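Peer 1: Residue numbers (the numbering used here): 2 to 55.
Every residue gets a Cβ at the ideal spot worked out from N, C-alpha and C, and that includes glycine.
Because the structure is a prediction, the values reported are computed rather than measured.
1) Excluding five sequence neighbours on each side, which residues of the same chain lie with their C-beta closer than 8 Å to the C-beta of residue 50?
2) Rounding to the nearest angstrom, what Cα-Cα distance links residue 38 and residue 48 in this structure?
3) If you follow the alpha helix (DSSP H) that residue 50 is part of, which residue opens it and which one closes it?
4) Please report the distance separating the alpha-carbon of residue 34 from that of residue 17.
5) Output needed for residue 40: all residues of its chain with C-beta closer than 8 Å, excluding positions within five of it in sequence on either side, in chain order.
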């Protein structure tokens with residue numbers, strides 16, 4: 002029983018360590034009108050998204 006606990010703890014530590022070292026690129030998409038009568042709303046949305054990301 003003691004060995005099983007040690008193996009479980011070691012596996013958990015290894016899993017957390019591998020997740021902490023991962024540096025994947027995250028792509029964020031945004032859909033908004035960029036032309037026509039609603040273009041100003043799309044530009045406002047785009048600016049808001051850019052500010053939120055920064």
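Peer 2: This is what the structure gives:
1) 29 and 31
2) It is roughly 18 Å from the alpha-carbon of residue 38 to the alpha-carbon of residue 48.
3) 40–54
4) Between residue 34 and residue 17, the C-alpha separation is close to 41 Å.
5) 34
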